[in-house]
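Take 1 as the starting number for the sequence shown in UniProt numbering and just add one per residue.
One structure is given below, encoded as structure tokens.
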Amino acid sequence: MVKTEIGQLEKALSALVHRPWLMRRDYWASQIECLLGRPGLSAPDRQRLRALLDLLGTPVAECRVPVQP
């Protein structure tokens, strides 16, 4: 289920990056942070979410969710 949600986020952000006037950066960052906060997230999924935050220009260190190894 998480993989599907991450895939949907990737598609939405890919489209929005090309139309920055439509992007609500804080909304998308909070959606990603919510997923990052889920327990049991696999390393590849965590990496995908971090890449999406990077795409938004939100450094991982800026996240409100603690990053787990």
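Backbone N, C-alpha and C define an ideal beta-carbon position, used for all residues, glycine too.
These figures come from a predicted structure and were not determined experimentally.
Beta-carbon proximity of residue i to residue j, cut-off 8 Å
i     : j    : result
Leu35 : Val2 : yes
Of the listed residues the options, nearest to residue i (C-alpha basis)
i     : options                      : result
Leu56 : Gln8, Asp45, Arg38 and Leu16 : Leu16
Trp28 : Gln47, Thr4 and Glu10        : Glu10
Glu5  : Arg24, Leu49 and Ala43       : Leu49
Residues near residue i by beta carbon distance below 7 Å, same chain, minus five either side
i     : result
Leu41 : Val2
Asp45 : Val2, Lys3 and Ile6
Cut-off 8 Å between Cβ atoms - residues of its own chain near residue i, not counting five sequence neighbours on either side
i     : result
Gln31 : Leu9
Contacts around residue i, its chain only, beta-carbon distance under 6 Å, and the 5 residues preceding and following it disregarded
i     : result
Ser58 : One detail in the question is off: residue 58 reads as Thr in this sequence, not Ser. The answer, listed in chain order, is Ala29.
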